[in-house]
Amino acid sequence: MTPLQNFFNPTFLAQTAFAVILICTFAGAAIAVLPRNILYNVLGLILCLTGVAGIFLYLGSPFIALMELLIYVGAICISIVFAIMLSRPLHLSLPKRHLPKVAGAGGVALLVFGVLVSIIFKTPWKPADLRSGDWSVATMGSYLLTRYDLVFEVMSIVLLVAILGAILISGTSGRRSS
Amino acid sequence: MNSLTTYLFIAAALFIIGIFGLLQRRSLIGMLIAIELMLNGASVNFMAFNRFLAPDPIIGQVYTLFIMGFAAAETAIALSIIIAVFRRIHSINIEQARDLRG
Chain D
1 MTPLQNFFNP TFLAQTAFAV ILICTFAGAA IAVLPRNILY NVLGLILCLT
51 GVAGIFLYLG SPFIALMELL IYVGAICISI VFAIMLSRPL HLSLPKRHLP
101 KVAGAGGVAL LVFGVLVSII FKTPWKPADL RSGDWSVATM GSYLLTRYDL
151 VFEVMSIVLL VAILGAILIS GTSGRRSS
Chain X
1001 MNSLTTYLFI AAALFIIGIF GLLQRRSLIG MLIAIELMLN GASVNFMAFN
1051 RFLAPDPIIG QVYTLFIMGF AAAETAIALS IIIAVFRRIH SINIEQARDL
1101 RG
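Protein sequence lines, in the order shown, are assigned to chains D and X.
Using the working numbering, the final residue of the first sequence is 178, and nothing's skipped along the way.
Using the working numbering, the final residue of the second sequence is 1102, and nothing's skipped along the way.
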C-alpha cells in the first residue's frame, strides 16, 4: 500500500478526524477557563462546543450535533457576547489571579476526576439485552410528541418562564435602583 | 474511538475543567461559561450511554435536547441577572456583589 492510499484509508481518516476533534474540544475548554480576558473565554467556548458537536457526530447522532451548533454556538455564545458588551469595557483592568484559589480549584477538580475515573472503572457496564437500532429523526419526533410528551411540554414552559423572567429582571431592576 | 470508556473519559474531563473554572473565576460571565462546559460534559455522558448501552437510542437524544433547552433558559436568566447586578454595583466581579451578606 502506498502512503497515499494509506492516507485515504477510511479508518485512518476517521481516527485522524477524531483526534482533531478531541484537540479542538480540549484546547477550547482550556481557553474557555484559563485566560483572564473574558472575550477569549467565549471564543474558546465556541471552539470547545464545536468539538463537542463533532463528538456527537461520532456517537451517531447528526441531529443532536446540529442542535448543539444551533443552540449552543448560535444562541448561547452570541448572547454571552452581548452580555459582555453590555456589562464592562474590556480595556479596564483585568481581574487579578489569586494563586491559592487557583490551587484549591485545581485540587478539587483533581479529586472529582479521581472519583469519576474510579466509578468508570469499577462499574460493570452492560448493554441492554434488546437494543433497537432506530436512530432516525422521524422516530425521535414522533416519540417527542407521544411517549416523551411531558419532556417537550416542560421544556416549552421552562423556556417561556425563563424568557419572561429575563425580560422582567433586566428590564425593570436597574431603573428603580439607580 | 469506539468504546464507552473513551467517551466517559472525555465527559469526565470536560466536567472537571468546568468545575475548575467555576471555582477559580470570579467574574460572573466566566463562571457561566464554566457551567456551560459542565453541562456539555453531562450531555456527552448521556449520548455515550445512549450509543453503547441504552435499549432505545431515542432516550439519550431526548435527554440531551432537554439539557440544551435548560441550558438556554439558564443562560437567559443568568445573563439578565448579570446585567441587573452590573447596573447596581458597576462590576461583574462576584466579590463585590455582597449586599446579601449577613
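Where a beta carbon is used, it is the ideal one built from N, C-alpha and C, also for glycine.
Asked: Cβ-based burial, Ile-46(D) [other Cβ within 10 Å; buried from 16]; Found: buried
Asked: Environment of Met-67(D) [buried if 16+ CB atoms lie within 10 Å]; Found: buried
Asked: Residue-level contact to chain D via CB, Arg-1098(X), 9 Å cutoff; Found: no
Asked: Test: Ala-1013(X) CB closer than 9 Å to a CB of chain D; Found: yes
Asked: Reference Leu-1022(X), options Ile-55(D), Ala-29(D), Phe-152(D), closest by Cα; Found: Ala-29(D)
Asked: One or two residues paired with Ile-6(D) in a DSSP bridge; Found: At residue 6(D) the sequence reads Asn, which differs from the Ile that was named. DSSP output for Asn-6(D) lists no bridge partner at all.
Asked: Identified DSSP bridge partners for Asn-1093(X); Found: Ser-1027(X)
Asked: Three-state class that DSSP yields for Arg-1103(X) in the structure shown; Found: With chain X covering 1001 to 1102 only, the question about residue 1103(X) has no answer from this structure.
Asked: Below-9 Å beta-carbon distance, Ala-1042(X) vs any chain D residue; Found: no
Asked: C-beta neighbour in chain X for Ser-170(D), strict 9 Å; Found: yes
Asked: Alpha-carbon spacing of Leu-65(D) relative to Ala-53(D), whole angstroms; Found: Residue identity differs from the one stated: residue 65(D) is Ala in this sequence, not Leu. The alpha-carbon atoms of Ala-65(D) and Ala-53(D) are separated by roughly 4 Å.
Asked: Three-state class that DSSP yields for Ser-178(D) in the structure shown; Found: Confidence in Ser-178(D) is poor, its pLDDT being 45 and thus under 50, which makes the residue's placement unreliable; the coordinate value appears in the next sentence. Three-state DSSP puts Ser-178(D) in coil, outside helix and strand.
Asked: Met-1068(X): contacting residues in chain D (beta-carbon distance under 8 Å); Found: Met-67, Glu-68, Ile-71, Tyr-72
Asked: Beta-carbon proximity of Tyr-72(D) to Ala-1013(X), cut-off 9 Å; Found: no
Asked: Min CB distance Phe-18(D) to chain X below 9 Å; Found: yes
Asked: Proximity test, Cβ basis, 9 Å: Ile-84(D) and chain X; Found: yes
Asked: The segment 1043 to 1051 of chain X contacting the segment 1084 to 1093 of chain X, beta-carbon criterion three pairs below 8 Å; Found: no
Asked: Cβ neighbour criterion (16 or more within 10 Å) applied to Pro-10(D); Found: exposed
Asked: Under 7 Å (Cβ pairs) to chain D, residues found in the segment 1056 to 1085 of chain X; Found: Asp-1056, Pro-1057, Ile-1058, Gln-1061, Val-1062, Thr-1064, Leu-1065, Phe-1066, Met-1068, Gly-1069, Phe-1070, Ala-1071, Ala-1072, Ala-1073, Thr-1075, Ala-1076, Ile-1077, Leu-1079, Ser-1080, Ile-1081, Ile-1082, Ile-1083, Ala-1084
Asked: Span separating the alpha-carbon of Leu-164(D) from that of Gly-51(D); Found: 32 Å
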